[in-house]
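**Q** Numbers in my numbering are just positions in the sequence shown, counted from 1, shifted up by 2.
Heads up, the beta-carbon is just placed ideally off N, CA and C, and yes, glycines get one too.
A quick note: this is a predicted structure, and the numbers were derived from the prediction, not measured.
The structure that follows is given in the form of structure tokens.
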Amino acid sequence: MKVHIKKYAAKFFCLLLTLALTAAIPAEAVTAAPSKNAGMKKSQTPLGKNGRLRVKKTFLVNSKGKAVTLKGVSTHGINWFPKYVNPKAFKTLRDNWEVNCIRLAMYTEEYNGYCSGGNKKDLKNLINKGVKYATDLGMYVIIDWHILSDGNPKKNKAQATAFFKEMAKKYKKHKNVLYEICNEPNGNVKWKDIKAYAKSVIKAIRTYDKKNIILVGTPTWSQDVDAAAKSPITGYSNLMYTFHFYAATHKSSYRSKVEKAVKKGLPMFVSEFGICESSGSGKIDKTEANKWVKFLKKKKISYVCWNLSNKNESSSLLKSSCKRTGGFQSSDLSAAGKWFKKL
Ligand code: IDC
């Protein structure tokens with residue numbers, strides 16, 4: 003009898019404690035910024051383990067010279083979906099999805115883009131917040147100048163140069179920042195045009211930041227890595243060239259293209275990919291996506307998945323019904339989200 007009373011008293015006490023604790027935590031405490039490296043020792047975070055990255059031959063290597071592969075998630079355009087730039091979202095990706103890199107996609111010419119009427123101060127604020135959250139969590143972070151309808155990066159070169167100068171000055175001491183200077187050149191843009199643009203922006207970045215990785219886009223929506231491989235940019239270290247693919251559209255012939263560029267010695271980085279069609283929607287192709295990941299892992303090429311949002315399109319990692327902006331549950335994930343988390 004005595005034992006029973008003790009048992010029930012203990013249960014009752016637990017219940018009371020739970021109720022008291024739940025009532026005591028204000029709602030926003032759950033979403034508030036976590037403390038440094040939230041829930042993980044600094045030395046155990048991706049950044050703590052790898053330190054500043056650099057390029058060695060075709061590989062991205064850590065501070066000890068060992069090859070590392072970044073597995074990243076790209077935001078959708080921060081001009082459309084600023085709400086996903088938050089520490090809880092990044093922490094969920096780090097802890098539950100083994101994501102070690104966040105790409106902050108800032109469109110330059112689409113709706114409220116940096117060069118098309120968007121509020122520059124607000125957009126930069128978002129970038130700075132994103133970098134801070136990633137840094138606090140010990141994750142790598144890509145600052146992406148997301149050109150798209152402005153097919154030729156030269157179009158907004160002056161603004162790009164000023165923007166990256168500011169970023170490089172601010173982040174030169176950060177060991178986790180990468181600069182992506184032109185998402186996807188397209189239209190009638192030749193590698194020599196991109197190269198000329200890249201040289202000026204790289205020069206501006208290197209005035210302040212001598213070391214962090216710079217990612218350079220390639221012609222035809224960052225697919226013609228062969229053009230870059232024929233004539234890479236010289237005189238600077240820690241440069242990589244981007245290759246983008248959408249698995250339901252781009253298949254083995256594109257892998258051969260990457261393979262050839264690797265053989266030519268081009269360091270590549272897949273700063274954006276999707277497992278759907280290149281429109282960002284349509285059907286998803288998991289079989290092809292798995293082939294891509296196997297290939298990239300073998301080559302030790304980093305990859306960043308498009309996109310963290312609940313937009314109603316198949317590249318979104320969240321279902322359109324998902325209201326959460328962090329702490330995502332399995333039931334919140336789209337087919338693409340489920341596939342990517344499982345990787
Ligand atoms: C798409 C978005 C879509 C948005 C559109 C803007 O998914 O919601 O309306 O941009 O034009 C890319 C681009 C990336 C595209 C994506 C899918 O880098 O901005 O996002 N994509 O089309 N290259 C190949 C595919």
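1) Would N214 pass as an interface residue toward chain D - the criterion being a Cβ-Cβ separation below 8 Å?
2) Could you check the C-alpha separation between E261 and W193 for me, to the nearest Å?
3) Taking DSSP as the reference, what is the three-state secondary structure of L125?
4) Check whether the region 53–69 touches the region 281–295, counting contact only when three or more Cβ pairs, one atom from each stretch, lie closer than 8 Å.
5) Ends of the beta strand (DSSP E) at F330?
6) How long is the line joining the alpha carbons of I303 and K85, rounded to whole angstroms?
7) What first and last residue would you give for the beta strand (DSSP E) that runs through V87?
8) Heavy atom of the ligand IDC less than 7 Å from the Cβ of K185, yes or no?
9) Check A164 in the structure and name its three-state DSSP category.
10) Jot down the residue ranges of each uninterrupted alpha helix (DSSP H) in the region 297–326, minimum 4 residues, whole runs only, in chain order.
11) For the alpha helix (DSSP H) that contains G282, what are its first and last residues?
12) Could you pull the start and end residues of the beta strand (DSSP E) that T209 belongs to?
13) Can you give me the C-alpha to C-alpha distance between K90 and E100, rounded to a whole angstrom?
14) Hey, could you find the ends of the alpha helix (DSSP H) A107 is sitting in?
15) Please find out if some non-hydrogen atom of the ligand IDC comes closer than 7 Å to the beta-carbon of K159.
16) Can N309 be considered in contact with the ligand IDC, in the sense that its beta carbon sits closer than 7 Å to one or more heavy atoms?
17) With DSSP run on the structure shown, which of helix, strand or coil describes V227?
18) What first and last residue would you give for the beta strand (DSSP E) that runs through K73?
19) Can you tell me whether T236 is buried or exposed? The criterion is at least 16 other CB atoms within 10 Å of its CB, across all chains shown.
20) Please determine whether the Cβ atom of K343 lies at a distance below 7 Å from any heavy atom of the ligand IDC.
21) State yes or no: is the C-beta of Y256 nearer than 7 Å to some heavy atom of the ligand IDC?
22) Roughly how many whole angstroms lie between the Cα atoms of Y210 and A249?
23) DSSP has W294 in a bridge; who is on the other side?
24) When the Cα of S255 is compared with those of T77, S118, K293, which residue comes out closest?
25) Put M270 into one of helix, strand or coil per three-state DSSP.
26) Under a three-way DSSP split, which group does R54 fall into?
27) If you count every other CB in all the chains shown that lies within 10 Å of the CB of A25, and 16 or more means buried, which is it?
28) Compute the Euclidean distance between the alpha carbons of N114 and S316, then round it to the nearest angstrom.
29) What's the gap between the Cα of T1 and the Cα of C278?
30) With burial defined as no fewer than 16 other Cβ atoms inside 10 Å of the residue's Cβ, what is the status of G50: buried or exposed?
31) How far does the alpha helix (DSSP H) with E264 in it reach, from first residue to last?
32) From what residue to what residue does the alpha helix (DSSP H) around A338 run?
33) Report whether the distance from the Cβ of W147 to the nearest heavy atom of the ligand IDC is below 7 Å.
34) How would you write the range of the beta strand (DSSP E) that M242 sits in, first residue to last?
35) Run through the DSSP bridge pairs and tell me what H148 is partnered with.
**A** The answer reads as follows:
1) Absent from the structure is chain D; it holds one protein chain and no more.
2) Against the sequence shown, residue 261 aligns to sequence position 259. Against the sequence shown, residue 193 aligns to sequence position 191. In a straight line, the C-alpha of E261 is about 19 Å away from that of W193.
3) Position 123 of the sequence shown, counted from the start, is the residue given in the question as residue 125. In the structure shown, L125 sits in a helix (DSSP, three-state: H, G or I).
4) no
5) Taking the first residue of the sequence shown as position 1, residue 330 is located at position 328. From DSSP, F330 is part of no beta strand (DSSP E); its letter is neither H nor E.
6) The count along the sequence shown starts at 1 and reaches residue 303 at position 301. The count along the sequence shown starts at 1 and reaches residue 85 at position 83. So the two alpha carbons sit approximately 29 Å from each other.
7) Looking up residue 87 in the sequence shown gives position 85. It is not in any beta strand (DSSP E) - V87 carries neither H nor E in the DSSP assignment.
8) The residue you call residue 185 lines up with position 183 of the sequence shown. Residue 185 is actually Asn in this sequence, not Lys. N185: yes, Cβ under 7 Å from the ligand IDC.
9) Here the question's residue 164 lines up with position 162 in the sequence shown. Here A164 sits in helix by DSSP.
10) none
11) Start at 1 with the first residue of the sequence shown, and residue 282 comes out as number 280. G282 -> no alpha helix (DSSP H), and no H or E assigned at all.
12) The sequence position of residue 209 within the sequence shown is 207, counting from 1. Not the beta strand (DSSP E): T209 falls in the alpha helix (DSSP H), residues 193–210.
13) Position 88 of the sequence shown, counting from 1, holds the residue named residue 90. Position 98 of the sequence shown, counting from 1, holds the residue named residue 100. Cα to Cα, the separation comes out at about 14 Å.
14) To locate residue 107, count along the sequence shown from 1; it is residue 105. Counting along the chain, A107 falls outside any alpha helix (DSSP H), though it belongs to the beta strand (DSSP E) covering 103–109.
15) Here residue 159 refers to the residue found at position 157 when the sequence shown is read from its first residue. It does not: the Cβ of K159 is nowhere closer than 7 Å to a heavy atom of the ligand IDC.
16) Start at 1 with the first residue of the sequence shown, and residue 309 comes out as number 307. For the ligand IDC, at least one heavy atom lies less than 7 Å from the Cβ of N309.
17) Within the sequence shown, residue 227 is the residue found at index 225, counting from 1. In this structure, V227 counts as helix in the three-state DSSP scheme.
18) For the purposes of this step, residue 73 is identified with residue 71 of the sequence shown, where counting begins at 1. It spans 73–77 - the beta strand (DSSP E) in which K73 sits, taken as one unbroken run.
19) Reading the sequence shown from its first residue, position 234 is the one you call residue 236. Flag for T236 reads exposed.
20) Walking along the sequence shown from the start, residue 343 turns up at place 341. It does not: the Cβ of K343 is nowhere closer than 7 Å to a heavy atom of the ligand IDC.
21) Indexing the sequence shown from 1 puts residue 256 at position 254. No; taking the cut-off as 7 Å, the Cβ of Y256 has no heavy atom of the ligand IDC nearer than that.
22) Numbered from its first residue, the sequence shown carries residue 210 at position 208. Numbered from its first residue, the sequence shown carries residue 249 at position 247. Each residue's alpha carbon lies about 38 Å from the other.
23) Indexing the sequence shown from 1 puts residue 294 at position 292. Looking at the DSSP assignment, W294 forms no beta bridge with any residue, so it has no partner.
24) Position 253 of the sequence shown, counting from 1, holds the residue named residue 255. Ranking T77, S118, K293 by Cα distance to S255 puts K293 first.
25) Position 268 of the sequence shown, counting from 1, holds the residue named residue 270. In this structure, M270 counts as strand in the three-state DSSP scheme.
26) Here residue 54 refers to the residue found at position 52 of the sequence shown. In this structure, R54 counts as coil in the three-state DSSP scheme.
27) By 1-based counting over the sequence shown, the position of residue 25 is 23. At A25, the pLDDT of 42 sits below 50, so the modelled position is not reliable; the number obtained from the coordinates is stated separately. It counts as exposed.
28) Here residue 114 is taken as the residue at index 112 of the sequence shown, counted from 1. Here residue 316 is taken as the residue at index 314 of the sequence shown, counted from 1. Between N114 and S316, the C-alpha separation is close to 23 Å.
29) Outside the displayed span of the chain (3 to 345) sits residue 1, for which this structure offers no information.
30) Numbered from 1 along the sequence shown, position 48 holds the residue referred to as residue 50. It is exposed - the Cβ of G50 has fewer than 16 other Cβ atoms within 10 Å.
31) Locating residue 264 in the sequence shown gives position 262, where the first residue counts as 1. The residue you asked about is not Glu; residue 264 is Val in the sequence shown. Note, V264: alpha helix (DSSP H), 254–265.
32) Numbered from 1 along the sequence shown, position 336 holds the residue referred to as residue 338. Looking at the DSSP string, the run of the alpha helix (DSSP H) that includes A338 is 337–344.
33) The residue given as residue 147 occupies position 145 in the sequence shown. Checking the Cβ of W147 against the ligand IDC gives no.
34) Counted from its first residue, the sequence shown places residue 242 at position 240. Taken as a continuous stretch (DSSP letters only), the beta strand (DSSP E) holding M242 covers 241–248.
35) Against the sequence shown, residue 148 aligns to sequence position 146. Paired residues: Y109.
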